[in-house]
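What follows is one structure encoded as structure tokens, with my remarks underneath.
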Amino acid sequence: MERGIQKAAVLGSGVMGAAIAAHLANAGIQTYLLDIVPNKLTEQEEKKGMTLDHPTVRSRLATEAKVRLLKTKPAPLFSKKNADLIVPGNLEDDLKHLKEVDWIVEAIVENLEIKQHLWEKVEQNWTEGTIVSSNTSGVSINRMIEGRSDAFRRHFLGTHFFNPPRYMKLLEIIPSHDTDENVIAFMKRFGERTLGKGVVIAKDTPNFIANRIGTYGLLVTFEEMQKSGFGVEEVDMMTGTVIGRPKSATFRTLDMVGLDTFIHVAANVHKNVKDEKEKAAFSVPELLHKMVEKRWLGDKTDQGFYQKK
Ligand code: NAD
Numbered sequence: 001m002e003r004g005i006q007k008a009a010v011l012g013s014g015v016m017g018a019a020i021a022a023h024l025a026n027a028g029i030q031t032y033l034l035d036i037v038p039n040k041l042t043e044q045e046e047k048k049g050m051t052l053d054h055p056t057v058r059s060r061l062a063t064e065a066k067v068r069l070l071k072t073k074p075a076p077l078f079s080k081k082n083a084d085l086i087v088p089g090n091l092e093d094d095l096k097h098l099k100e101v102d103w104i105v106e107a108i109v110e111n112l113e114i115k116q117h118l119w120e121k122v123e124q125n126w127t128e129g130t131i132v133s134s135n136t137s138g139v140s141i142n143r144m145i146e147g148r149s150d151a152f153r154r155h156f157l158g159t160h161f162f163n164p165p166r167y168m169k170l171l172e173i174i175p176s177h178d179t180d181e182n183v184i185a186f187m188k189r190f191g192e193r194t195l196g197k198g199v200v201i202a203k204d205t206p207n208f209i210a211n212r213i214g215t216y217g218l219l220v221t222f223e224e225m226q227k228s229g230f231g232v233e234e235v236d237m238m239t240g241t242v243i244g245r246p247k248s249a250t251f252r253t254l255d256m257v258g259l260d261t262f263i264h265v266a267a268n269v270h271k272n273v274k275d276e277k278e279k280a281a282f283s284v285p286e287l288l289h290k291m292v293e294k295r296w297l298g299d300k301t302d303q304g305f306y307q308k309k
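To convert, note that position 33 of the sequence shown is 33 in the UniProt record's numbering; the numbers rise steadily by one, no gaps.
Written out as structure tokens, the structure is:
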């Protein structure tokens, strides 16, 4: 039977997970959007007398992410109606739905151990044939699935979307040592024809292709800014509109990516390369750590290099 993707599940409803779900909905695919169960009630939930085991509370994160999609600019959805195809839920009660879907794509926090733990839980709810992928920016695809069955490994690969996924053309596909050739070929065709992407097949090296280069460029720009005394807006102008690139240049991009995510992504190369010079090039400046400690994470907390108006 010809393979196809009618239903999907996106695990993680943060910056990328929600936007990937929106892009799948744009392609007419019904998509479960699942996130962790909150461990604290909001003031409003408390006022309503809800408890932590209330279904609305348990699926709050993905539900809020779906609402946020309607307000985000540039719009992640082709039309507001497409949001109806996104079904919010959580990563405990709703894992059973993974048996219904044709593709599971993970976009949770950029951490190898957390991702490994999730794949273990996912495999218990996985049906052979379903494609499984990670949106990781650079964590090893092969390491992520250590301990998983051969069948699972044959269906697993990296599908790295860029932010924002509706607008950024590139999709990196990263096969594992065991990914079935038919799965790779199918995802390449699906990425190009259904999702409108330009697909590049990358090797499983730290941060793959685009983020190995992009992260390096960003760190050098940051260092040069500190040495030269230029300000954030000046650097954005010089690395953006002045040289014909879009307005969302260096630091606006960092705010959109999320400073916490960027630190994880840079640290991944730092940790996994042997060459001392390259290691040093990927060390994260102290100022970025301080901003993250203050929860200046960028657009997701309304304060990063820029304050969101
Ligand atoms: P994010 O911080 O916005 O969202 C992460 C989500 O993971 C949150 O919704 C959080 O609730 C969930 N989460 C946290 N701990 C968890 C756990 N223990 N188990 C399950 N879920 C958990 O991050 P993001 O920017 O959406 O990044 C997600 C993935 O996509 C990462 O692997 C990242 O490297 C990759 N990525 C990010 C960008 C970007 O521009 N932000 C671009 C491409 C790829």
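Note that beta-carbon positions come from the ideal geometry of N, C-alpha and C, so glycine has one too.
Keep in mind that this is a model prediction, so the values were computed, not measured.
(1) Do you know how far the Cα of residue 209 is from the Cα of residue 114?
(2) Thinking residue 191 and residue 169 are a contact (beta carbons under 8 Å), I'd like their distance in whole angstroms, please.
(3) Short of 6 Å in beta carbon distance, which residues of its chain neighbour residue 251, apart from the five on each side in sequence? Order them along the chain.
(4) Less than 8 Å between the CB atoms is what I'm expecting for residue 110 and residue 127, so what's the real figure, rounded?
(5) What is the rounded straight-line gap between the Cα of residue 29 and the Cα of residue 155?
(6) What first and last residue would you give for the beta strand (DSSP E) that runs through residue 30?
(7) Could you compute how far the alpha carbon of residue 167 sits from the alpha carbon of residue 117?
(8) Assuming residue 142 and residue 82 form a contact by the criterion Cβ under 8 Å, report the distance between their Cβ atoms to the nearest whole angstrom.
(9) Below 7 Å CB to CB, which residues in the same chain sit around residue 225 once its five sequence neighbours on both sides are set aside?
(10) Taking DSSP's pairing of strands, which residues face residue 179 in a bridge?
(11) Quick one, are the C-beta atoms of residue 16 and residue 75 less than 8 Å apart?
(12) Just the Cα atoms here: how many angstroms apart are residue 171 and residue 242?
(13) Report buried or exposed for residue 79, applying the criterion of at least 16 other Cβ atoms within 10 angstroms of its Cβ.
(14) Find the nearest neighbour of residue 84 within the set 73, 67, 90, judged by alpha-carbon distance.
(15) Return helix, strand or coil for residue 134, following the three-state DSSP convention.
(16) Which one of 132, 218, 105 has the shortest CA to CA distance from residue 240?
(17) Taking 8 Å as the threshold, find out whether the region 178-186 comes into contact with the region 267-286 through three or more Cβ pairs.
(18) First and last residue of the alpha helix (DSSP H) that includes residue 69?
(19) Rounded to whole angstroms, what is the Cα-Cα separation between residue 41 and residue 56?
Let me spell this out:
(1) Here the question's residue 114 lines up with position 114 in the sequence shown. Here the question's residue 209 lines up with position 209 in the sequence shown. Whole-angstrom Cα-Cα distance: 23 Å.
(2) Locating residue 191 in the sequence shown gives position 191, where the first residue counts as 1. Locating residue 169 in the sequence shown gives position 169, where the first residue counts as 1. Going by Cβ atoms, the distance from residue 191 to residue 169 rounds to 10 Å, so no, they are not a contact pair.
(3) If you number the sequence shown from 1, residue 251 lands on position 251. 232, 236, 305, listed in sequence order.
(4) Working through the sequence shown from its first residue, we reach residue 110 at position 110. Working through the sequence shown from its first residue, we reach residue 127 at position 127. That pair is no contact at about 27 Å.
(5) Numbered from its first residue, the sequence shown carries residue 29 at position 29. Numbered from its first residue, the sequence shown carries residue 155 at position 155. So the alpha carbons of these two residues sit roughly 20 Å apart.
(6) Here residue 30 refers to the residue found at position 30 of the sequence shown. Where residue 30 is concerned, the enclosing beta strand (DSSP E) stretches over 30-35.
(7) The residue labelled residue 167 in the question sits at position 167 within the sequence shown. The residue labelled residue 117 in the question sits at position 117 within the sequence shown. Taking the straight line from one Cα to the other gives about 31 Å.
(8) The count along the sequence shown starts at 1 and reaches residue 142 at position 142. The count along the sequence shown starts at 1 and reaches residue 82 at position 82. The Cβ separation is near 35 Å, so there is no contact.
(9) In the sequence shown, residue 225 corresponds to position 225, counting from 1. Result list for residue 225: 235, in chain order.
(10) As a working note, residue 179 is residue 179 in the sequence shown. DSSP output for residue 179 lists no bridge partner at all.
(11) Stepping through the sequence shown from its first residue, residue 16 is reached at position 16. Stepping through the sequence shown from its first residue, residue 75 is reached at position 75. No. Outside cutoff.
(12) The count along the sequence shown starts at 1 and reaches residue 171 at position 171. The count along the sequence shown starts at 1 and reaches residue 242 at position 242. Cα-Cα distance, rounded: 27 Å.
(13) As a position in the sequence shown, residue 79 is number 79, starting the count at 1. The residue is exposed, with fewer than 16 neighbouring Cβ atoms inside 10 Å.
(14) In the sequence shown, the residue the question calls residue 84 occupies position 84. Taking only the C-alpha atoms, the option nearest residue 84 is 67.
(15) For this step, residue 134 is matched to residue 134 along the sequence shown. Strand, per DSSP.
(16) Position 240 of the sequence shown, counted from the first residue, corresponds to residue 240. When only C-alpha atoms are compared, the closest one is 218.
(17) no
(18) If you number the sequence shown from 1, residue 69 lands on position 69. Residue 69 -> alpha helix (DSSP H) spans 60-69.
(19) To locate residue 41, count along the sequence shown from 1; it is residue 41. To locate residue 56, count along the sequence shown from 1; it is residue 56. C-alpha separation (whole angstroms): 11 Å.
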